[in-house]
Amino acid sequence: MELQRYVTIGQYLPRDSVLHALDPRTKIGVVTALMVVTFLVTTFSGYGLLTAVLLALFLAAQIPLGYVLRGLRPVWFLLLLTFALNLLFSGIRDGTPLLRVGPVLITAEALARAAFVSLRLILLIVATSLFTYTTSPMALTDGMERLLRPFRRIGIPGHELAMMMSIALRFIPTLLEETERIIKAQMARGAEFQQGNILRRARALLPVLVPLFISAFRRADELALAMEARAYRGGEGRTRMNELRFAPRDALAGVATLVAVAVFLAPRWLGWP
Amino acid sequence: MIEVRDLQHVYLQHSPLEAVALRGVSLVIGDGERVGLIGPTGSGKSTLVQTFNGLLRPTQGTVLVNGTDVFAPSTDRRRIRQQIALLFQYPEQQLFEETVARDVAFGPRNLGLSEEEAAGRAREALRAVGLDPDHFSPRSPFTLSGGEMRRVALAGVLAMEPRVLILDEPTAGLDPQGKADFLRLALDLHAHRDLTLIVISHSMDEVAQVAERVIVLDRGRVVMDDATRAVFARAEELERLHLGLPQTAQVLHRLRARGVPVRTDLLTLEETRAELLRVFGG
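Below, the structure written as structure tokens:
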């Protein structure tokens, strides 16, 4: 049993690539652009091109493709559901019929739409995972904090939000390890987690959840104490060791993104079908 | 009897984070033995013992418990876990019930025993770890001291009435008195319940005190497996693995290095005292 194997989404993979070296703010911009494009592209050829772009980026980032697919595993069910719903309840009545089972009619148009929506979902997830694979949690929250700084005046506590997020991210692997250890310890006492109906299984989790919560609270307490011991007082007047700085490659990435967005949206502007 | 053959294990295999933990471990542990398992951090000790009762399926190799293949599809692993109890590091963190009695009875209940039988086993196990059942049973485990909590956790696995008791760093985080008490308790259990005892430890003094046989792991391989005395005689090799020697043996080795003709294969405080008196005594 290795829980970490199943939770690869949101994990950072240290590599020595251009993408890793980009400023996190640039990457937030790029990934936002990618997501907007994913929603605006309306043709399969557009998605083909987008897939090619993403593949090239993953290649450049030196991230094995198997790892990308594994990140999709937790959302398989959602994908399947989306596909099925779009296929069966498309509301398209006058399309080319492919199959009729009782009252359910499957048309070629519905199939195309189901495939399209599923593809959109996959691309969204893959695009965001490209971001998390190439950006360390530290860099991510630094970037977020810096981007939120202008909103401080209207009362958005950027630093505090970023700090909470980095702490949460930091503890994901720790808590996973801990969960695994507690599960094993209870299994050593004869506990079973894969038997019986849902109610039984939920009850079987109690011996795991209680110790997990206790230890999470204890850790939170200890962390708070350690932070206060180092005179942590929130973001006011706090300086940082590594200020984020844009490099020439960030400008390059920005221009490349703008060009790419233009290419993807050109058909729309030019009124092509 | 536990027999493992050519165990290999890789964590997170086929991922960029994969880490090899065991590289071909074969050994046999007989009934009633007292085994110390030592090795530097990351040498595979914890991984190895988790395969013994089927908590961790190794990527390769077989584990036989009294001739039964632990990972065969037809094997009832719960039954194996009843026979081979494993107490993890900081076991007090696994306590979850409202009362000590219910927590200790968790294992027996999982084995399908009735509430009364489980409660009876719990009382008996509490007594075995030196906690008065009448006093402790109704209390919440979270109101106990660290040492008491650890005893309750030990009672929790003893209540399953195992044949083998594996302790993973049983004394980590206890005060010196707590350490000594817990070790004495483990030795008592071995003597009176006829248990096989396997102890993982970073303290060579503990190992010298508890074990009659020592297995040394390094980077997933067994590098030594011999009687405790014979293993601690190989001081230089242990030093190279950053494991060191029991304090008594250290004193003897240093005296020897200064040209004092003392024996260096002594382990207990008593033996060492006798030897020092023999050499220096009037």
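Sequence lines, in order, name chains A and B.
Heads up, the first sequence is in this note's numbering, so the first residue is -1 and it goes up one at a time.
Heads up, the second sequence is in this note's numbering, so the first residue is 31 and it goes up one at a time.
The beta carbon of each residue, even a glycine, is placed where N, CA and C say it ideally should be.
Computed from a predicted structure; not experimentally measured.
Residue i: contacting residues in chain B (beta-carbon distance under 8 angstroms)
i	result
L204/A	F126
CB contact below 8 angstroms: residue i versus chain A
i	result
V50/B	no
S45/B	yes
F118/B	yes
Q123/B	yes
G186/B	yes
A115/B	yes
N96/B	no
L85/B	yes
Q38/B	no
Coil, strand or helix - residue i by DSSP
i	result
P171/A	helix
D328/B	Nothing about residue 328/B can be reported from this structure: the residues present for chain B run from 31 to 312 only.
H157/A	helix
I90/A	coil
V73/A	helix
I26/A	helix
I32/B	strand
I7/A	The predicted model places I7/A with a pLDDT of 46, which falls under 50 and marks its position as unreliable, so this point remains unresolved.
G62/B	coil
V51/A	helix
L256/A	helix
V99/A	strand
L57/B	strand
A115/B	strand
L273/B	coil
I61/A	coil
L67/A	helix
V67/B	Per the sequence shown, the amino acid found at residue 67/B is Leu instead of Val. Three-state result, L67/B: strand.
E176/A	helix
N84/A	helix
P206/B	helix
L119/A	helix
P265/A	helix
T81/B	helix
Listed by chain order, chain A residues near residue i by CB distance under 7 angstroms
i	result
M179/B	Ordered by position in chain A, no residue passes the 7 angstroms Cβ test against M179/B, which lies about 12 angstroms from the chain.
Cβ of residue i within 8 angstroms of any chain B Cβ
i	result
R144/A	no
V208/A	yes
S213/A	yes
I170/A	no
M185/A	yes
I7/A	Note on I7/A: pLDDT 46, under 50, position unreliable in the model; the coordinate value appears next. So, not an interface residue.
Beta bridge counterpart(s) of residue i as assigned by DSSP
i	result
H39/B	L52/B
V206/A	None, per the DSSP bridge assignment.
E305/B	DSSP, once it has assigned bridges, lists no residue as partnering E305/B.
V35/A	None, per the DSSP bridge assignment.
D99/B	L94/B
P246/A	Answer is none; P246/A lacks a bridge partner.
I104/A	L97/A
Cross-chain neighbours of residue i in chain B, by beta carbon under 7 angstroms
i	result
G188/A	R108, R111, Q112, G137, N140, L141 and M190
R179/A	F118
Neighbouring residues, chain A, relative to residue i (Cβ below 8 angstroms)
i	result
Q80/B	K182
H194/B	Note that residue 194/B is Val in the sequence shown, not His. Result: empty, since nearest Cβ-Cβ is about 12 angstroms, beyond 8 angstroms.
Contacts that residue i makes with chain A (C-beta to C-beta distance below 9 angstroms)
i	result
L174/B	None at all; the shortest Cβ gap to chain A is about 13 angstroms.
L67/B	The contacting residues do not exist; L67/B stays about 17 angstroms from chain A at best.
Chain E contact for residue i (CB, 8 angstroms cutoff)
i	result
T40/A	No chain E appears in the structure shown, which is made up of the protein chains A and B.
Near the ligand FMN: residue i beta-carbon under 7 angstroms from a heavy atom
i	result
D255/B	Among the components modelled here there is no ligand, and therefore nothing to report on the ligand FMN.
Practice problem: Enumerate, from N- to C-terminal direction, the unbroken beta strand (DSSP E) stretches of 3 or more residues contained entirely within the segment 120 to 199 of chain B. | Solution: 194 to 198
Quiz item: Which whole runs of the beta strand (DSSP E) in the segment 208 to 264 of chain B are 3 residues long or more, in chain order?
Solution: 226 to 230, 243 to 248 and 251 to 257
Self-check item: Ranges of the alpha helix (DSSP H) found wholly within the segment 196 to 241 of chain A, counting only runs of at least 4
Solution: 196 to 202 and 204 to 227
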